[in-house]
Amino acid sequence: MNQNWQDKEIRQLYREQRQADESIAPHFAATLEAALSKKRADRFGRPMLRLAVAFAALVAVASFVFLLLGRSSPEQPPIVSVGPGESGDKPAITSSEPSSVPTSPAPKPARRVRTRRQSPERAAALLSPLISQWQSPTGFLLKTPGDELLRTVPRIGESAVEIKMNLSSTKN
Amino acid sequence: MDGAELRNELEKHHRESYGWALACCRRNPSDAENILQTAYLKVLDGKARFDGRSAFKTWFFSVIRVTAIDHRRREMLGRLRLFKHEASSAGATGEFDEAVFRSEVQSSFRQAIVELPRRQQEVLQLVFYHDLTLAEAAGVMGIGVGSARTHYERGKKRLRRLMAKLGIYDESELARQRNQAVVP
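Residue numbers (the numbering used here), protein chains in the order written: chain A, 1 to 172; chain B, 1 to 184.
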């Protein structure tokens with residue numbers, strides 16, 4: 001009996017709540033119109049959103065490719081050989097890059113030293129004036145008259161003939 | 001069912017649907033309107049199709065319920081991502097309270113309902129508010145009749161306890177009527 005009364009009480013309270021809800025319920029037409037306008041907005045908004053996403057993806061891919069290409073640009077580390085040079089006492093340093101100046105063959109096999117990876121500017125600065133090709137700008141000042149006689153070694157037979165000829169010419 | 005028939009049916013059940021949408025979103029009116037709009041779009045766009053196996057009202061209520069669950073899930077994700085500020089919804093509910101629950105009894109009753117577990121709230125709402133049978137309520141909730149009955153009994157028991165605790169029995173109209181009947 002008490003439980004039935006309590007059920008009725010609950011039902012009554014729900015009914016009151018329903019009446020209150022119905023009094024504030026929006027009109028069907030207004031709700032439907034709002035739903036349709038939301039749909040129209042979505043229809044316009046979604047392609048724009050897709051376009052924006054596609055553009056952002058394109059920019060991301062382009063920047064990635066650009067970075068990738070920038071890293072893998074031809075920046076080969078120079079291979080430098082270190083070994084005895086022309087004079088024998090100083091080690092000549094030659095590069096693997098082609099050079100127009102012929103170099104004398106080294107008696108010993110050159111030790112290949114791979115230099116560290118450097119920045120392109122620094123590598124270019126190091127490589128452009130090759131040491132084997134370098135000539136001192138004031139080197140001509142060291143040349144003296146008869147410099148060839150001091151540099152060359154006289155041969156036995158040849159020098160004797162030259163001396164006789166010189167002596168006979170002085171007698172005459 | 002073609003578009004015009006669907007519209008007619010939706011219009012016929014509009015007020016009740018709004019009440020059910022309110023119950024599905026903890027009585028937040030703006031959320032209820034959003035849910036109802038989305039449910040209407042689902043029906044009119046053919047995303048939700050009525051196959052005639054149950055009454056239209058029962059079927060549409062289950063559509064509203066599923067939409068509300070989706071809405072709740074999104075809201076939860078939004079809160080996690082800090083997209084939505086909780087204070088805004090709280091303010092809306094406060095205004096709604098003042099506009100709708102004028103009487104203190106109704107306000108306390110609403111408080112008692114909110115304290116119930118969701119399933120119990122739903123089954124009580126469907127049975128007492130929308131006058132559905134337990135089988136229909138079970139259909140809307142997507143559960144078996146036995147489970148619905150369990151939720152219904154437990155819900156009633158708990159609601160009675162909460163109402164007694166909040167003093168609703170003494171203040172409600174029925175209680176007053178009973179008191180008037182007892183007192184000569």
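Ideal Cβ placement from N, Cα and C applies to all residues, glycine included. Quick caveat: nothing in here was measured; it's all calculated off a predicted structure.
In its chain, beyond the 5 residues on either side, Thr58 have a beta carbon closer than 6 Å to the beta carbon of B/Glu136. Distance from the CA of A/Leu150 to the CA of A/Gln133, rounded to the nearest whole angstrom, comes to 24 Å. For A/Pro145, the secondary structure class from DSSP, reduced to helix, strand or coil, is coil. Chain order gives the chain A residues near B/Lys156 as Gln3, Gln6, Asp7 and Ile10, where near means a beta carbon separation below 9 Å. Segment contact: the segment 53-69 of chain B against the segment 47-55 of chain A, fewer than three CB-CB distances shorter than 8 Å; contact not assigned.
DSSP places B/Asn28 outside both helix and strand once states are collapsed to three, so it counts as coil.
Spanning the alpha carbons of A/Lys38 and B/Phe109 requires a straight line of approximately 35 Å.
B/His71 has a beta carbon lying at 8 Å or more from every beta carbon in chain A. Listed along the chain, the chain A residues whose CB falls inside 8 Å of the CB of B/Glu33 are Pro26, Thr31 and Ala34. Setting aside the 5 residues that flank it on each side, B/Gly139 is surrounded in the same chain by Ser54 and Thr58, each with a C-beta closer than 6 Å to its C-beta; the list follows chain order.
Burial is judged here by how many other beta carbons sit within 10 angstroms of a residue's own beta carbon; B/Asp131 has fewer than 16 and is exposed. For the pair A/Ala29 and B/Arg65, the Cα-to-Cα distance works out to about 22 Å. Taking a contact to require three or more Cβ pairs closer than 8 Å, the segment 16-28 of chain B and the segment 136-156 of chain A do not qualify as touching. Ranking B/Arg26, B/Asp2, B/Gln121 and B/Lys42 by CA distance to the CA of B/Gly155 puts B/Gln121 first.
In this structure, B/Leu134 places its C-beta atom within 8 Å of the C-beta atom of B/Val127. By a beta-carbon distance limit of 8 Å, B/Ala68 contacts B/Ile35. Their separation comes to about 5 Å. Contact annotation for B/Phe61 against chain A: no contact, minimum CB-CB distance about 14 Å [criterion: below 9 Å]. B/Gln106 sits close to A/Gln17, with the two beta carbons spaced by under 8 Å. From the beta-carbon of B/Tyr152, no residue of chain A is found nearer than 8 Å; the closest lies around 11 Å away. Taking a 10 Å sphere around the C-beta of B/Arg79, we find fewer than 16 other C-beta atoms and assign the residue as exposed.
Not flagged as an interface residue toward chain B: A/Leu49, since no C-beta distance is shorter than 8 Å. At a cut-off of 8 Å, the C-beta of A/Leu13 has a neighbouring C-beta in chain B. Relative to the Cα of A/Leu32, the nearest Cα in the group B/Arg26, B/Val123, B/Ser17 and B/Asn28 belongs to B/Ser17. Residues of chain B whose Cβ lies closer than 7 Å to the Cβ of A/Arg18 are, in chain order, Gly19 and Tyr129. Inside the segment 27-60 of chain B, DSSP marks whole alpha helix (DSSP H) runs of 4 or more residues at positions 29-44, from first to last along the chain. Counting every other CB atom within 10 Å of its CB across the protein chains shown gives A/Leu68 a total below 16, marking it as exposed. Contact note: B/Glu11 reaches chain A through Phe28, using a C-beta cutoff of 7 Å and chain order. At least one CB of chain B lies nearer than 8 Å to the CB of A/Glu22. Spanning the alpha carbons of B/His151 and B/Leu159 requires a straight line of approximately 12 Å.
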